[in-house]
Amino acid sequence: MIDLHCHSNFSDGKSTPAELITKAIAARLKILALTDHDTTAGLVALHEAAKVSTLHIVNGIEVSAQWKKHDIHVIGLNIDPEASSIKALNCKQVESRISRAQQIAVCLASFGVTEAYQKARTLAGHAQVGRPHFAAVLINEGFVQNVPMAFKRYLARGKPAYVPTNWASIEEAVLSIHQAGGEAVLAHPVKYKLTRSKLYALIETFKAAGGIGMEVVSGMMTNEEVRAMADVSTRFELLASSGSDYHGEGMSLIPLGKQRPLPENCTPIWQHWQINNR
Ligand code: AMP
Ligand code: ZN
Ligand code: FE
Ligand code: FE
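Each residue of the sequence shown is one higher than the one before, counting from -18 in our numbering.
Here it is in structure tokens:
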């Protein structure tokens, strides 16, 4: 199995990179990509921990982007984490994240959640404060019982503590990935809940920017959704990617590497990669 999408505690995942490696070995994965939100900081520890195994590590990132009014995620695979384009993008996105987090905290304060920004930062342990950290604060403070509820009541788009963020455009996201030698993949297309024609418009934009792949399988999906996305990938001649979008026990419905297999009719993005453990 192959998992090209997961998160560590360098963004909003629960596991350390070393814990992800342990899980990847237990799941007998051949290839693992770490794709933290807007940061590559976990990759050093990931490589270090993977040294003891034959696991093939792919340097990845999940770039937050804005397209019309939608928050879209673009995965970069096989990027050089030291590339200046990636460093510059990370810097800009961290600033956007901090400013958004401060505004989310102001919104939450009006509901009686005190010092939400400080609390979210403490939970995160770093500046990469994401909405899941605010979800944890809302749970800890007894405002909601679980993460989906925190999004449904407060944090999701259209809810009172949703703050639009100054993310990169699709073009900027894809360009930075390219300039770092990577391949750009449209993440979890089903999650955006777009109409078919909107999804096609997004894919046209993504392809025009230089994107070459899409996640046909991502986290929890039905068989029908997987088949539909496989057809979309062939229709637009996009290479197919697959990942669990694992964030940790209790945060993800699918364990690391346990997402559904890719349908036969799509072309895996890893097909042309040089993998030394085959
Ligand atoms: P952020 O990058 O801070 O906007 O957070 C994005 C992360 O929030 C995603 O990777 C998901 O893990 C999580 N997320 C987004 N929407 C939801 C939702 N409706 N329910 C649960 N988790 C969500
Ligand atoms: Zn996440
Ligand atoms: Fe995502
Ligand atoms: Fe993700």
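We treat Cβ as the ideally placed atom computed from N, Cα and C, and that holds for glycine.
Three-way DSSP call (helix, strand, coil) for residue i in this model
| i | result |
| --- | --- |
| Gln160 | helix |
| Gln233 | Correcting the residue type first, residue 233 is Ser in the shown sequence and not Gln. Coil, per DSSP. |
| Asn147 | coil |
| Ser178 | helix |
| Ser91 | coil |
| Pro257 | For clarity, residue 257 is Asn in the given sequence; the question names Pro instead. Note: Asn257 maps to coil in three-state DSSP. |
| Asn127 | coil |
| Thr186 | helix |
| Arg138 | coil |
| Ser214 | helix |
| Arg208 | helix |
| Gln240 | coil |
| Lys(-5) | coil |
| His107 | coil |
| Glu122 | coil |
| Glu0 | helix |
| Glu152 | helix |
DSSP beta-bridge partners of residue i
| i | result |
| --- | --- |
| Cys(-13) | Tyr227 |
| Ala165 | Gly57 |
| Gly260 | Because residue 260 is not part of the residues shown, which for the chain are -18 to 259, the question remains open. |
| Pro249 | Ala221 |
| Ser199 | Gly224 |
Selection from the options that minimises the alpha carbon distance to residue i
| i | options | result |
| --- | --- | --- |
| Cys72 | Ser91, His18 and Cys88 | His18 |
| Ala(-1) | Phe217, Val25 and Lys140 | Val25 |
| Cys88 | Glu43, Lys68, Phe115 and Glu76 | Phe115 |
| Val44 | Ile184, Ala22, Ser199 and Ile53 | Ile53 |
| Ile67 | Arg81, Val55 and Thr20 | Thr20 |
| Thr244 | Cys(-13), Val125, Ala221 and Gln255 | According to the sequence provided, residue 244 is Pro. The question's Thr does not apply to it. It is Ala221 whose Cα lies nearest to the Cα of Pro244. |
| Leu119 | Lys239, Ser80 and Gly93 | Gly93 |
| Lys49 | Thr203, Glu152, Met(-18) and Gly231 | Glu152 |
| Gln255 | Ala30, Asn59, Thr3 and Ile193 | Asn59 |
| Val196 | Val155, Pro62, Ala165 and Gln47 | Inspection of the sequence shows that residue 196 is occupied by Glu rather than by Val. Measuring from the Cα of Glu196, the nearest candidate turns out to be Ala165. |
| Pro170 | Ala182, Gly163 and Ala161 | Ala182 |
| Gly23 | Thr3, Ser(-11) and Leu167 | Ser(-11) |
| Ser(-8) | Ile6, Gln109 and Val39 | Gln109 |
| His37 | Ala101, Arg9, Ala46 and Thr103 | Arg9 |
| Leu70 | Ala86, Ser214 and Ala46 | Ala46 |
| Ile56 | Ser65, Ile42 and Pro62 | Ile42 |
| Ala31 | Lys4, His253 and Thr16 | Lys4 |
| Ala90 | Ala137, Glu122 and Thr(-3) | Glu122 |
| Glu96 | Ala105, Ala86 and Arg216 | Ala86 |
| Asn246 | Val207, Thr176 and Gln99 | Val207 |
| Met130 | Leu(-15), Met232 and Arg241 | Met232 |
| Leu219 | Gly191, Ile79 and Gln84 | Gly191 |
| Leu13 | Leu234, Ser225 and Ile235 | Ser225 |
| Lys174 | Met202, Arg112 and Asn147 | Met202 |
Closer than 8 Å to chain C by CB, residue i
| i | result |
| --- | --- |
| Ile2 | In the structure shown, chain C does not exist; there is a single protein chain. |
Residue i CB to nearest heavy atom of ligand 5 below 7 Å
| i | result |
| --- | --- |
| Ser(-8) | The model on display carries ligand 1, ligand 2, ligand 3 and ligand 4 but not ligand 5. |
**Q.** In chain order, each beta strand (DSSP E) run of at least 3 residues that lies wholly inside the stretch 7 to 84
**A.** 12 to 15, 37 to 48 and 51 to 58
**Q.** Pocket of ligand 3 defined by Cβ to heavy atom distance under 6 Å
**A.** Glu43, His54, Ala168 and His169
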